[in-house]
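Residue numbers (the numbering used here): 35 to 543. A quick write-up on the structure given underneath.
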Amino acid sequence: MTDWIGYQWLAERHGVAPVQAFRTVSAIAGSRSTVSENGYVREHYPASARPSDTVSGHLAFALKREGVHLEFLARLFAVVEVSVLEAWIAAEPTGQYARRACFFYEYLTGRRLAFAGVASGNYVAALDEESCVTARQVVNDPRWRVRDNLPGTRDYCPMVLRTARVRDAEDYDCAKQLAALEVEFGADLLLRSVVWLTVKESRASFAIEHEEQHVDRVRRFASAMEQRCGQGDDPLSIDALGELQSQILGPRATRYGVRRSPVFVGEIDGFIEVVHYIAPHWEDAPALLSGLRSFAERTAGASALVRAAVLSFGFVYIHPMSDGNGRISRFLINDTLRRDGAVAAPFILPVSATIISSVVRRRGYDQVLELFSRPLMRKYAEAWRFGAEEVADDGVLSNLRFDAYDDALPAWRYPDLTDHVEYLAEVVQSTLEQEMRKEARHLRSLRTARERVKQFVEGPDADIDRIIRSVRDSGGLVSNKLKKEFPALLQESLAAEVAAAIGAAFDGG
35 MTDWIGYQWL AERHGVAPVQ AFRTVSAIAG SRSTVSENGY VREHYPASAR PSDTVSGHLA
95 FALKREGVHL EFLARLFAVV EVSVLEAWIA AEPTGQYARR ACFFYEYLTG RRLAFAGVAS
155 GNYVAALDEE SCVTARQVVN DPRWRVRDNL PGTRDYCPMV LRTARVRDAE DYDCAKQLAA
215 LEVEFGADLL LRSVVWLTVK ESRASFAIEH EEQHVDRVRR FASAMEQRCG QGDDPLSIDA
275 LGELQSQILG PRATRYGVRR SPVFVGEIDG FIEVVHYIAP HWEDAPALLS GLRSFAERTA
335 GASALVRAAV LSFGFVYIHP MSDGNGRISR FLINDTLRRD GAVAAPFILP VSATIISSVV
395 RRRGYDQVLE LFSRPLMRKY AEAWRFGAEE VADDGVLSNL RFDAYDDALP AWRYPDLTDH
455 VEYLAEVVQS TLEQEMRKEA RHLRSLRTAR ERVKQFVEGP DADIDRIIRS VRDSGGLVSN
515 KLKKEFPALL QESLAAEVAA AIGAAFDGG
């Protein structure tokens with residue numbers, strides 16, 4: 035049997051199991067060692083490192099060695115006798131781990147301990163700024179002499195560990211990459227690509243939801259991206275979200291506004307309904323959304339990529355709107371990058387296009403969403419079912435029954451979005467350094483091909499582009515169908531010269 039210490043000891047002793055696994059677990063072993071795998075760490079300590087077998091002993095060890103796991107702390111504080119914490123702080127009124135533990139208790143529970151407050155001593159940070167993404171707007175709590183640098187609020191506080199890949203994301207310079215594209219392809223061509231990039235992002239965003247065939251919807255979303263990215267003071271306010279939702283959905287949607295009904299993500303597998311994710315209770319969604327807005331305020335000035343990932347994935351997990359949540363979440367990526375000055379107007383990064391650029395990338399998007407949804411559904415596998423349909427407060431007919439909304443709330447409130455930041459950073463980097471370069475190269479080749487074809491054939495750009503597409507689709511040949519459409523190409527020598535000009539343009543000749 036493993037001789038656990040720290041969080042895992044507390045979990046087993048008090049029967050508390052979080053949805054999200056501990057990033058670090060510790061145990062007593064024969065010698066000191068560390069095993070790391072996929073962002074999770076197992077630490078082995080000699081017997082001399084064993085803390086006292088008390089809540090205070092193991093909690094102090096966890097805060098010192100294993101970091102802050104807000105979901106677990108919220109669950110632990112719901113079952114631990116409050117007298118344990120009051121006795122600890124009375125015995126160690128200036129101890130930094132006692133102070134931090136009590137600060138987290140009051141922060142997470144909203145209840146006040148029987149303690150007069152710390153009279154003196156240095157302030158200590160709630161989160162270690164070297165290991166966690168923290169708020170830029172720090173508030174000193176004089177009661178505990180703790181610097182509240184948590185990036186959110188009690189209602190919603192996402193956690194992001196500053197792994198090597200997250201640090202790379204913090205340092206990544208989107209504007210520098212766009213400038214490099216401008217040097218390579220020219221400002222004129224890059225600006226000409228703006229409309230194309232916006233439409234491509236819109237179409238790809240719908241493709242993620244298998245709805246790219248709806249042309250009008252794609253146009254509406256592209257228009258919203260063009261008009262609303264980076265605009266307004268508070269994109270996550272109910273009014274702003276409602277306006278964005280209305281513009282995206284158009285005038286014929288069946289539902290608008292925030293939801294007042296259960297929502298889940300699932301599918302029909304044969305005749306069996308499979309549930310992949312259940313969103314928070316509709317009565318909790320506004321507070322969660324308000325906490326996400328607070329994250330945006332408290333982290334203003336931090337890495338745009340980190341903020342974009344948290345706001346996008348945080349929004350989609352909260353799922354506050356009656357419809358359009360996925361598209362709004364992907365809108366928030368470009369909105370945040372524009373708002374934070376990482377990507378200048380009028381550019382839109384086609385991140386959704388990168389996501390669907392291959393089967394592997396598309397699966398990667400699903401997998402990063404499952405990092406939270408799978409453990410959630412695994413923990414509450416017996417808590418949901420389908421029953422008789424009932425009319426919800428917003429008029430939606432629903433047959434979903436979920437009995438664990440309250441128990442699951444700490445997981446929804448305090449998600450670990452480290453992997454989500456790493457994922458989006460990789461997608462944005464690939465978008466800027468590969469996808470946009472590839473498409474800019476294509477646009478440059480198309481412009482060159484037009485110029486060369488017009489040396490042999492007169493016509494408007496639409497006709498010339500039709501010839502270019504046909505020749506490329508036909509493997510460099512002028513098809514009989516194209517010759518019938520444009521009789522000048524019946525002259526074999528002319529057709530050969532046109533085909534050669536097109537081939538040279540796209541081959542870089």
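Quick reminder that beta carbons are idealized off the backbone N, C-alpha and C, glycines included. Quick caveat, the model's predicted, so the values are computed rather than measured.
Taking all protein chains shown into account, decide if residue i is buried (16 or more other Cβ within 10 angstroms of its Cβ) or exposed.
i    : result
V393 : exposed
Q42  : buried
V50  : buried
G543 : Its pLDDT being 47, under 50, G543 is placed unreliably by the model, and the measurement read from it follows with that caveat. By the neighbour-count rule (16 or more Cβ atoms within 10 Å), G543 is not buried but exposed.
L97  : buried
L225 : exposed
N368 : buried
Y448 : buried
P52  : buried
M259 : buried
P285 : exposed
F420 : exposed
T36  : exposed
R547 : No statement about residue 547 is possible, as the shown extent of the chain runs from 35 to 543 and does not include it.
R57  : buried
V217 : exposed
D318 : buried
E519 : exposed
G220 : exposed
S82  : exposed
A442 : buried
Do residue j and residue i come within 8 Å of each other at the CB atom, strictly closer than that value?
i    : j    : result
L371 : P192 : no
V350 : W418 : no
M470 : L215 : yes
E115 : G40  : no
V194 : V462 : no
A55  : H78  : no
L212 : L458 : no
T128 : G155 : yes
A560 : L345 : Because the chain here runs from 35 to 543, residue 560 falls outside it and cannot be looked at.
R361 : I282 : yes
R76  : V59  : yes
A160 : V180 : yes
W446 : P314 : yes
D453 : L405 : yes
Q171 : R332 : yes
F137 : D162 : no
S324 : D189 : yes
A256 : T288 : no
S86  : W122 : no
P80  : S65  : yes
Since residue i and residue j are thought to touch, with beta carbons under 8 Å apart, how far apart are those beta carbons, to the nearest angstrom?
i    : j    : result
I390 : A238 : 5 Å
S527 : L516 : No, S527 and L516 are not in contact; Cβ-Cβ is about 16 Å, not under 8 Å.
A522 : V491 : 6 Å
T168 : P185 : 6 Å
E235 : V385 : 7 Å
V512 : V487 : No, V512 and V487 are not in contact; Cβ-Cβ is about 11 Å, not under 8 Å.
F106 : A45  : 7 Å
R484 : D495 : 6 Å
G264 : R364 : No, G264 and R364 are not in contact; Cβ-Cβ is about 15 Å, not under 8 Å.
Mind checking if residue i is an interface residue toward chain D, Cβ cutoff 8 Å exclusive?
i    : result
V299 : In the displayed structure, chain D is absent; only one protein chain is listed.
Legend entry - Inside the segment 336-419 only - alpha helix (DSSP H) runs reaching at least 4 residues: 338-352, 359-373, 385-389, 393-413
Legend entry - Runs of alpha helix (DSSP H) lying entirely within the segment 206-252, each at least 4 residues, in chain order: 208-219, 221-242
Inset, instruction - Could you say if the segment 102-115 and the segment 127-147 meet the contact criterion of at least three C-beta pairs nearer than 8 Å? - result: yes
Inset, instruction - Return the chain-ordered ranges of every alpha helix (DSSP H) run that is complete within the segment 142-217 and spans a minimum of 4 residues. - result: 198-205
Legend entry - Stretch pair the segment 334-348 + the segment 429-437: three plus CB contacts closer than 8 Å: no
Inset, instruction - Would you be able to state if there are at least three C-beta pairs under 8 Å between the segment 278-293 and the segment 354-364? - result: yes
Legend entry - Entirely enclosed beta strand (DSSP E) segments - the segment 66-93, minimum 3 residues: 67-71, 74-79
Inset, instruction - Could you tell me whether the segment 264-283 touches the segment 405-423, where touching means 3 or more Cβ pairs closer than 8 Å? - result: no
Inset, instruction - Spell out a yes or no on whether the segment 123-137 and the segment 473-485 are touching, meaning 3 or more CB-CB pairs, one atom from each, closer than 8 Å. - result: no
Inset, instruction - Entirely within the segment 497-533 and at least 4 residues each: give me those alpha helix (DSSP H) ranges in chain order. - result: 514-519
Inset, instruction - Give, in chain order, every unbroken run of the beta strand (DSSP E) that is at least 3 residues long and sits entirely within the segment 424-468. - result: 431-436
Inset, instruction - Within the segment 251-316, note down every full alpha helix (DSSP H) run reaching 4 residues or more, in order along the chain. - result: 272-283
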